[in-house]
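Undergrad:
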Amino acid sequence: MDTAVQNRIWTDDELLALPADGNKHEVIKGALIVSPAGIEHEDIGVRLILALGAFVKAHKLGIVVGSSAGFWMKNRDFLSPDVSFIAKERLRGYSRPPKKFLDGAPDLAIEVLSPSDTIESLHDKIVDYFDNGSKLVWVINPEERVALVYHSAQPDQLLRTEHKLSGEDVVPGFSLPVSELFADFDF
Numbered sequence: 044m045d046t047a048v049q050n051r052i053w054t055d056d057e058l059l060a061l062p063a064d065g066n067k068h069e070v071i072k073g074a075l076i077v078s079p080a081g082i083e084h085e086d087i088g089v090r091l092i093l094a095l096g097a098f099v100k101a102h103k104l105g106i107v108v109g110s111s112a113g114f115w116m117k118n119r120d121f122l123s124p125d126v127s128f129i130a131k132e133r134l135r136g137y138s139r140p141p142k143k144f145l146d147g148a149p150d151l152a153i154e155v156l157s158p159s160d161t162i163e164s165l166h167d168k169i170v171d172y173f174d175n176g177s178k179l180v181w182v183i184n185p186e187e188r189v190a191l192v193y194h195s196a197q198p199d200q201l202l203r204t205e206h207k208l209s210g211e212d213v214v215p216g217f218s219l220p221v222s223e224l225f226a227d228f229d230f
């Protein structure tokens, strides 16, 4: 990778000016990473946003956002989890969601694996999330129909379709059967 491109410093305004092309945009070591996802990936993300978002709103816990939201890490990487929960404590002083991006990672970061993801890049993101304030990370693997739960850079739990995701003390009271993420169409 070209060092000049790799070390580029990006701004909120430059990232917001990128085309709304349906791709996820992140900045890793100064390089813009564009990640197309696919229908299955997006369907799982929407299922999570709908379930988690409804719960968070009903209990006034904060906000849930999708992969167009972004977070600046201390190392100036810009990460966009597929789904993020931001606790209301982090939003004190705002009457509406911020128009741009936040410094630090979301309280709960959710990544849905796509074919372009590598174990190394995913591990680096998880390390960044925890180094920047995440308390919980879920990694959803559509291919194997499992979810990995992280409380640190190493996974703590492997959840299969008979298990439930839990918001634990990050999103208290929230749970979702893993099977709902991979359910067949009912139409």
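Under this note's numbering, read the sequence shown as residues 44 to 230, first letter to last. Don't be surprised by glycine CBs; every beta carbon is placed ideally from N, CA and C.
1) Please return the same chain residues whose Cβ sits closer than 6 Å to the Cβ of residue 95, not counting the five positions on each side in sequence.
2) Is the number of C-beta pairs between the stretch 191-208 and the stretch 68-79 that are closer than 8 Å three or more?
3) Which residue marks the beginning of the alpha helix (DSSP H) containing residue 172, and which one marks its end?
4) Kindly give me the distance between the Cβ atoms of residue 148 and residue 171, rounded to whole angstroms, as I take these residues to be in contact under 8 Å.
5) Once DSSP output is grouped into helix, strand and coil, what is the label at residue 91?
6) For residue 179 versus residue 211, is the C-beta distance shorter than 8 Å?
7) If the criterion is Cβ atoms closer than 8 Å, does the pair residue 214 and residue 104 meet it?
8) Do residue 183 and residue 153 have their beta-carbon atoms positioned less than 8 Å apart in this structure?
9) Can you name the residues that DSSP bridges to residue 68?
10) Grab the span of the beta strand (DSSP E) containing residue 219 for me, first residue to last.
11) From which residue to which residue does the alpha helix (DSSP H) around residue 57 run?
12) According to DSSP, is residue 154 helix, strand or coil?
13) Under the three-state reduction of DSSP, which class applies to residue 117: helix, strand or coil?
14) Taking just the CA atoms, how far does residue 126 sit from residue 193?
15) When you compare the CB positions of residue 109 and residue 92, do they come within less than 8 Å of one another, or not?
16) Taking the C-alpha atoms as reference points, what is the distance between residue 155 and residue 185?
17) Per DSSP, which residues does residue 105 bridge with? Please list them.
18) Below 8 Å on the Cβ atoms is my guess for residue 150 versus residue 129; work out the distance and round it to an integer in Å.
TA: The relevant details are as follows:
1) Answer for residue 95: 107, listed in chain order.
2) The stretch 191-208 vs the stretch 68-79: no contact.
3) From DSSP, the alpha helix (DSSP H) with residue 172 extends over 162-174.
4) So it is a contact: roughly 7 Å between Cβ atoms.
5) The answer is helix: DSSP assigns residue 91 an H, G or I state.
6) Cβ distance < 8 Å, so residue 179 and residue 211 count as in contact.
7) One thing to note: residue 214 has its Cβ within 8 Å of the Cβ of residue 104.
8) Contact flag set, yes.
9) Beta-bridge partners assigned by DSSP to residue 68: 77.
10) Counting along the chain, residue 219 sits inside the beta strand (DSSP E) bounded by residues 218-220.
11) Under the DSSP assignment, residue 57 falls in the alpha helix (DSSP H) whose first and last residues are 55-59.
12) Looking at residue 154 - three-state DSSP - the assignment turns out to be strand.
13) Coil, per DSSP.
14) Answer to the nearest angstrom: the Cα atoms are 15 Å apart.
15) Contact: yes.
16) Cα to Cα, the separation comes out at about 7 Å.
17) Beta-bridge pairing links residue 105 to 130.
18) With 8 Å as the limit, residue 150 and residue 129 qualify as a contact, their Cβ atoms being about 6 Å apart.
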